[in-house]
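Chemist: Structure incoming, see below.
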Amino acid sequence: MYENEKMSFLKKFINSTYNFKSYNYFISEKLSKAVLYLLLLAFVSSGFMVLKEGFSFNKEFSKMKTILNEEMPSFTLDNDELIIDSEMPIIYEEDNTIFVIDTSNKLDITSLDKYNRGVFIGKNELISKESSTKFTTIKYSSLELKNSLTSEYVSRIINTFGNIFIIIGLVLIFIFLIIGKLISVFAIMPLAALVIASILNKKLSYSNLIKISAYALTVPILLKTFLKLVGITIPVFFILYYGIGIVYLIFALKNIHLDVNESLEPIN
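Positions in the sequence shown are counted from 1; adding 118 to them yields our numbering.
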């Protein structure tokens, strides 16, 4: 019944979200088609997320340029310590985002607690807050600077190469998002599917488990993209992500009919 059928990407996308009988069709296809589906889905999903990050990075970058060029006092980073010839602390606030500079140790990272995003620049480190659970810390000592760093030099570098750095960063984010999804579909999800198939007494090849996993990830990927676009952060989201994927694996495997699929030839 499947040999003469063809499904477009959109039809596969829709069916994978609710029609568990369609998973019989999915495993009748070649493995390459399942991987291509996942790559297309990952490409679209990651593209939206990278665009959002791009707008966010550009907005923050513009603010940083304004602060460096017009508002921030001159500074020097020497011997792994930041020296600023100005009264401390210096605080900028806008739209639930805070930018704190304090080399006097009067304030610390707790200054960011009430804000969704922010940056704390201290005497020995820089801490960036991207969300309530995501922080990035850069110790000045890790930079291993051979010469002192001045505000004038940083301003020239940012004005000249800032946009290039953003583009490189976004490309790297995109690549890592794609790689993460490939790891999920080739390693994590098939192992879970293998356990579920064993419990349900369904003997399927590992390649078929990969095919099922590719389509079972549709809803988790869709949910992750939606949450990212609307700016909602869920702690330990990966548990929910793979939890939903495993639920789809269970229902998909329950609807797989081995007596049908064992005799099927892959669709070209």
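Just so it is clear, CB atoms sit at the ideal spot from N, CA and C, and this is done for glycine as well.
1. How about the segment 340 to 358 and the segment 282 to 293: do they share at least three Cβ pairs that are nearer than 8 Å?
2. Mark residue 283 as exposed unless 16 or more other C-beta atoms lie within 10 angstroms of its C-beta, in which case mark it buried.
3. What are the boundary residues of the beta strand (DSSP E) that includes residue 155?
4. Leaving out five residues on either side along the sequence, give the residues of the same chain with a beta carbon under 7 Å from the beta carbon of residue 203.
5. Buried or exposed for residue 378, going by 16 or more other Cβ atoms inside 10 Å?
6. Using the C-alpha atoms, what's the distance from residue 140 back to residue 254?
7. Are at least three pairs of beta-carbons, each pair with one atom in the segment 238 to 257 and one in the segment 217 to 230, less than 8 Å apart?
8. Going by other Cβ atoms of all chains shown within 10 Å of its Cβ, with 16 needed for buried, is residue 318 buried or exposed?
9. How about residue 339 and residue 163: do their beta carbons lie closer than 8 Å?
10. Can you check whether the CB of residue 363 is closer than 8 Å to the CB of residue 334?
11. Taking the alpha-carbon positions, what's the residue 356 to residue 270 distance?
12. Looking at the unbroken alpha helix (DSSP H) that takes in residue 135, where does it start and where does it end?
Modeler: Per the coordinate set shown:
1. For the pair of segments examined, the segment 340 to 358 was found not to touch the segment 282 to 293: the number of CB pairs separated by less than 8 Å stays below three.
2. Along the sequence shown, read from residue 1 onward, the residue named residue 283 stands at position 165. Exposed, since its Cβ has fewer than 16 Cβ neighbours within 10 Å.
3. Mapped onto the sequence shown, residue 155 falls at position 37. That residue, residue 155, is in no beta strand (DSSP E); its alpha helix (DSSP H) goes 149 to 184.
4. Translated into positions along the sequence shown, residue 203 becomes position 85. Leaving aside the five residues that flank residue 203 on each side, the residues in its chain whose CB is nearer than 7 Å to its CB run, in chain order, 191 and 192.
5. What you label residue 378 is simply residue 260 of the sequence shown in a count that begins at 1. Any reading at residue 378 must be qualified, since the residue scores a pLDDT of 45, below 50, and its modelled position is unreliable; the value itself is stated next. Counting Cβ neighbours within 10 Å, residue 378 comes out exposed, since fewer than 16 surround it.
6. On the sequence shown, residue 254 is found 136 positions in, with the first residue counted as 1. On the sequence shown, residue 140 is found 22 positions in, with the first residue counted as 1. Cα-Cα distance, rounded: 43 Å.
7. yes
8. Mapped onto the sequence shown, residue 318 falls at position 200. Residue 318 comes out exposed.
9. Taking the sequence shown and counting its residues from 1, one reaches residue 339 at position 221. Taking the sequence shown and counting its residues from 1, one reaches residue 163 at position 45. The answer is yes: Cβ separation under 8 Å.
10. Here residue 334 refers to the residue found at position 216 when the sequence shown is read from its first residue. Here residue 363 refers to the residue found at position 245 when the sequence shown is read from its first residue. Yes, they are a contact pair.
11. As a first step, residue 356 is located in the sequence shown; it is residue number 238 there, counting from the start. As a first step, residue 270 is located in the sequence shown; it is residue number 152 there, counting from the start. Between the alpha carbons of residue 356 and residue 270 lies a gap of roughly 43 Å.
12. Walking along the sequence shown from the start, residue 135 turns up at place 17. Here the alpha helix (DSSP H) through residue 135 covers 127 to 136.
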